[in-house]
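> Can you read through this structure? Questions will come right after.
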Amino acid sequence: MGGRCLDLLGFIHARGWTHGALSLDHLLVQPQEHALMLVGWSHARPTGSDAIARARDLSMLAWSLRRLISVTASADAAAEPGLRHDVPVPLAGLLVRMSEDRAWVMRTDAKARGDALMQAAAQSFGPRKFVVFNPRSAKPAATSHNF
Numbered sequence: 001m002g003g004r005c006l007d008l009l010g011f012i013h014a015r016g017w018t019h020g021a022l023s024l025d026h027l028l029v030q031p032q033e034h035a036l037m038l039v040g041w042s043h044a045r046p047t048g049s050d051a052i053a054r055a056r057d058l059s060m061l062a063w064s065l066r067r068l069i070s071v072t073a074s075a076d077a078a079a080e081p082g083l084r085h086d087v088p089v090p091l092a093g094l095l096v097r098m099s100e101d102r103a104w105v106m107r108t109d110a111k112a113r114g115d116a117l118m119q120a121a122a123q124s125f126g127p128r129k130f131v132v133f134n135p136r137s138a139k140p141a142a143t144s145h146n147f
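With the first letter of the sequence shown counted as 1, position 117 gets the number 117 in this note's numbering; the numbers rise by one all the way through.
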């Protein structure tokens, strides 16, 4: 699902726009179908080649994904989400890097992040396949989550 959102942001950024307000409030997630939709476009702006605005969108998405699979849901958007113990190390490390490593954030675009996400997912879960995803399940399912 994160890959799908990165694809969408890549499309938006390639046309010179940014979303400007990515948060869980602006992500509609339908886990059973692995569907994700961006809403809340009132902050979208034409940005041309503004790398900082694109990097901000991508970092906000990373933080939102971290919150989506965090230990507890927090109403405090500034609180750092603690990742669940069942999030594989390659994926957890990438989400932290995508949201906190400013140097990497500034030199990567949505495509590079999508590629990195697919690599981390392959390391974590093996070849791509559709699996049931429930971000709030108390007990991990027999199959792993697939981003």
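Ideal Cβ positions, reconstructed from N, Cα and C, are used throughout, including at glycine.
What did DSSP end up calling Pro88 once you bin it into helix, strand or coil?
Three-state result, Pro88: coil.
> Buried or exposed for Ala103, going by 16 or more other Cβ atoms inside 10 Å?
Exposed.
> Which word fits Trp51, buried or exposed, when buried means at least 16 other C-beta atoms lie within 10 angstroms of its C-beta?
One detail in the question is off: residue 51 reads as Ala in this sequence, not Trp. Counting Cβ neighbours within 10 Å, Ala51 comes out exposed, since fewer than 16 surround it.
> CB Leu6 to CB Gly82, shorter than 8 Å?
Taking 8 Å as the Cβ cut-off, Leu6 and Gly82 do not qualify as a contacting pair.
> Using 8 Å as the threshold, is the C-beta distance between Asp57 and Thr108 below it?
In this structure, Thr108 does not lie closer than 8 Å to Asp57 by Cβ.
> Buried or exposed, going by whether 16 or more other CB atoms sit within 10 Å of the CB of Gly16?
Classification of Gly16: exposed, given that the 10 Å Cβ count is below 16.
> Near Gly3, what residues of its chain come up, given a Cβ to Cβ distance below 7 Å and the 5 sequence neighbours on each side ignored?
Cβ within range, chain order: Gly114, Leu117, Met118 and Phe147.
> Terminal residues of the continuous beta strand (DSSP E) containing Ala35?
Ala35 to Leu38 is the extent of the beta strand (DSSP E) around Ala35.
> Can you look up Pro46 in the DSSP assignment and give me helix, strand or coil?
DSSP places Pro46 in strand when its eight states are reduced to three.
> How is Ser190 classed by DSSP in three states: helix, strand or coil?
No answer is possible for residue 190: it lies beyond the span of the chain, which begins at 1 and ends at 147.
> Which stretch, first to last residue, makes up the alpha helix (DSSP H) that contains Val105?
Its alpha helix (DSSP H) spans residues Arg102 to Arg107.
> Which residue wins for smallest C-alpha separation from Met98, given the options Gly10, Val29, Pro46 and Ser59?
When each option's Cα is compared against that of Met98, the closest is Ser59.
> Straight-line CA distance for His26 to Ala122?
Approximately 28 Å, taken between the alpha carbons.
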